[in-house]
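Asks: In numbering that gives the first Met the number 0, the protein residues as written are 0 to 188. Glycine included, every Cβ here is placed at the ideal spot set by N, Cα and C. Note that the structure is a prediction, hence the values are computed from the model and not measured.
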Amino acid sequence: MRLRPASLRAAWLAGTVRRRHCCALALALLLPASAQPQAPAAAEYAAKAAFIYNIALFSTFPNAQAKLIRLCVLGRDPFGNLLASLEGKPLGEAKMTIAYPRSGQDALKQCQIVFISASESDTVALLAQSARQEGVLTVSDAKGAARMGIMVELDVEDKRIAFEFNAEAARAANIALSSKVLRLARAVY
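1. On the DSSP letters alone, give me the boundaries of the beta strand (DSSP E) that alanine 93 sits inside.
2. Under 8 Å, with one C-beta from each stretch per pair, do the region 116-131 and the region 69-88 reach the 3-pair mark?
3. Which residue spans inside the region 95-156 form an unbroken alpha helix (DSSP H) run of at least 4?
4. Between which residues of its own chain and alanine 186 is the CB-CB distance below 6 Å, once the five residues before and five after are set aside?
5. Can you tell me which of the three DSSP states glutamate 163 falls into?
6. Check whether the region 143-154 and the region 95-109 are in contact - that is, three or more C-beta pairs closer than 8 Å.
7. Put arginine 172 into one of helix, strand or coil per three-state DSSP.
8. If you measure between the beta carbons of glutamine 132 and isoleucine 68, is that distance less than 8 Å?
9. Based on DSSP bridge pairs, tell me the residues matched to serine 58.
10. Roughly how many angstroms separate the alpha carbons of alanine 55 and tyrosine 188, rounded to a whole number?
11. So what's leucine 181 in DSSP terms, helix, strand or just coil?
12. Would glycine 148 be called buried (16 or more neighbouring beta carbons within 10 Å of its own) or exposed?
13. Since valine 71 and valine 113 should fall inside the 8 Å C-beta cutoff, what is the C-beta to C-beta distance between them, to a whole number of angstroms?
14. In three-state terms, what does DSSP make of alanine 45?
15. Between which two residues does the beta strand (DSSP E) carrying arginine 69 extend?
16. What does the alpha-carbon distance come out to for the pair isoleucine 51 and glutamate 156?
17. Label alanine 40 either buried or exposed according to how many other C-beta atoms from any shown protein chain fall within 10 Å of its C-beta, with 16 as the threshold for buried.
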């Protein structure tokens with residue numbers, strides 16, 4: 000099949016945009032979590048918020064036609080107002096929105112991405128199993144979350160954001176993450 004010049008230009012532009020986003024993600028991962036003069040916890044969660052956005056940017060969701068990708072925070076919100084900067088940001092053809100559901104079941108019905116706070120660590124395994132069935136990308140900073148079925152576990156290692164990825168859980172939920180991002184993972188299960 001021969002591509003028309005406009006198609007070539009669109010393909011080239013899409014590749015350029017992807018490369019720029021990959022570079023931005025790599026920089027976000029390589030920058031120290033406390034690179035900005037903020038309180039350590041605020042700097043850590045600012046970096047985690049940026050990381051979650053970049054993970055969403057490089058993920059393919061089961062409902063790829065959605066115009067909105069909703070990120071829900073379940074449990075105690077460690078981000079404060081940091082997620083407000085993600086509201087309306089583009090994710091391909093979609094835009095990101097933020098929600099704070101009251102329960103895990105509400106989050107799984109309303110959202111494409113759920114951040115499960117460490118305050119919910121006693122329900123992580125159950126939420127992870129339900130999220131796989133619903134096709135929801137799960138992210139948590141609870142210790143050992145990836146081994147319990149959460150797809151992306153965030154951590155701080157040497158003052159940098161590190162992550163572990165549960166590929167089996169993502170496959171079960173029909174969620175794909177770019178191989179370029181997976182190369183940056185500390186561990187893939």
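Replies: The relevant details are as follows:
1. If you number the sequence shown from 1, residue 93 lands on position 94. Element bounds for alanine 93: 93-98.
2. yes
3. 103-109, 123-133
4. Counting from one through the sequence shown, the residue named residue 186 turns up at place 187. So the qualifying residues of the chain are Glu163.
5. Walking along the sequence shown from the start, residue 163 turns up at place 164. Residue state, collapsed to three classes: strand.
6. no
7. Taking the sequence shown and counting its residues from 1, the one referred to as residue 172 is at position 173. What sits at residue 172 in the sequence shown is alanine, not arginine. Three-state result, alanine 172: coil.
8. For the purposes of this step, residue 132 is identified with residue 133 of the sequence shown, where counting begins at 1. For the purposes of this step, residue 68 is identified with residue 69 of the sequence shown, where counting begins at 1. Cβ distance not < 8 Å, so glutamine 132 and isoleucine 68 don't count as in contact.
9. Within the sequence shown, numbered from 1, the residue matching residue 58 stands at position 59. Partner(s): Leu176.
10. As a working mapping, residue 55 is identified with position 56 in the sequence shown. As a working mapping, residue 188 is identified with position 189 in the sequence shown. About 19 Å.
11. Taking the sequence shown and counting its residues from 1, the one referred to as residue 181 is at position 182. Leucine 181: helix per DSSP, three-state reduction.
12. For the purposes of this step, residue 148 is taken as residue 149 along the sequence shown, with counting starting at 1. Per the 10 Å Cβ criterion, buried.
13. Against the sequence shown, residue 71 aligns to sequence position 72. Against the sequence shown, residue 113 aligns to sequence position 114. It should be noted that the sequence gives cysteine, not valine, for residue 71. Contact holds; Cβ gap of about 5 Å.
14. Numbered from its first residue, the sequence shown carries residue 45 at position 46. DSSP places alanine 45 in helix when its eight states are reduced to three.
15. What you label residue 69 is simply residue 70 of the sequence shown in a count that begins at 1. Where arginine 69 is concerned, the enclosing beta strand (DSSP E) stretches over 67-73.
16. Numbered from its first residue, the sequence shown carries residue 51 at position 52. Numbered from its first residue, the sequence shown carries residue 156 at position 157. Straight-line Cα distance between these residues: approximately 17 Å.
17. Counting from 1 along the sequence shown, the entry for residue 40 is found at position 41. Exposed, by the Cβ-count rule.
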